[in-house]
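In what follows, a structure is listed as structure tokens, so that the remarks can point back to it.
Numbering (the working numbering), first residue to last: 83 to 239.
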């Protein structure tokens with residue numbers, strides 16, 4: 083099967099190059115089998131950097147269920163309501179999503195707060211130098227989680 087270059091693949095290639103420049107080269111890069119990610123330009127960039135390519139099974143959204151759920155939430159809570167012209171419009175939403183929005187799956191905590199405790203999802207979260215960050219959240223931050231959930235349950239589901 084020949085791979086056809088997708089017009090948007092250069093956006094992905096540029097993002098990959100910028101991420102490597104800013105954060106270093108990952109050992110593995112996992113994507114779905116969308117046309118952008120199977121293009122010769124994108125896969126060639128991964129191979130050139132010595133990155134192992136990992137792709138989810140075709141048509142199997144549960145392979146990456148957390149990211150699929152994230153994008154569903156982004157679309158229904160923001161994109162479909164505002165109809166952005168560019169991706170730049172999503173910046174404010176992601177600041178809200180990670181910094182202000184309480185998540186049922188995180189015990190009604192905010193993602194940024196969970197990240198800083200290095201306890202999210204049952205795995206230790208480490209920085210790019212493999213050091214676990216020890217952060218103590220203020221008691222009022224943790225205590226407010228369940229109270230906020232009662233008033234915001236319709237938003238969080």
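In this text, a Cβ means the ideal position worked out from N, Cα and C, and glycines have one as well.
Nothing here was measured: the structure is a model prediction, and the numbers come from that model.
Simplified DSSP assignment, three categories, for residue i
i: residue 191; result: strand
Cross-strand partners of residue i (DSSP beta bridge)
i: residue 112; result: 136
Whole-number beta carbon distance between residue j and residue i, since they are thought to touch under 8 Å
i: residue 95; j: residue 116; result: That belief does not hold up - the Cβ atoms of residue 95 and residue 116 are roughly 14 Å apart, past 8 Å.
i: residue 121; j: residue 97; result: Incorrect: roughly 13 Å between the Cβ atoms, too far for contact.
Contact set for residue i: own chain, Cβ-Cβ below 6 Å, skip 5 residues either direction
i: residue 131; result: 107
i: residue 211; result: Summary for residue 211: the model assigns pLDDT 46, below 50, so the residue's position carries little reliability; its value from the coordinates is reported in the next sentence. Nothing listed; no residue qualifies.
i: residue 194; result: 180 and 181
Residue i, enclosing alpha helix (DSSP H) - first and last residue
i: residue 103; result: 91 to 105
i: residue 149; result: 147 to 156
i: residue 130; result: 122 to 130
i: residue 174; result: 172 to 181
Own chain residues within Cβ distance below 8 Å of residue i, not counting five before or after
i: residue 133; result: 107, 108, 109, 110 and 111
i: residue 158; result: none
Same chain, Cβ closer than 7 Å to residue i, neighbours up to 5 away in sequence not counted
i: residue 125; result: 135
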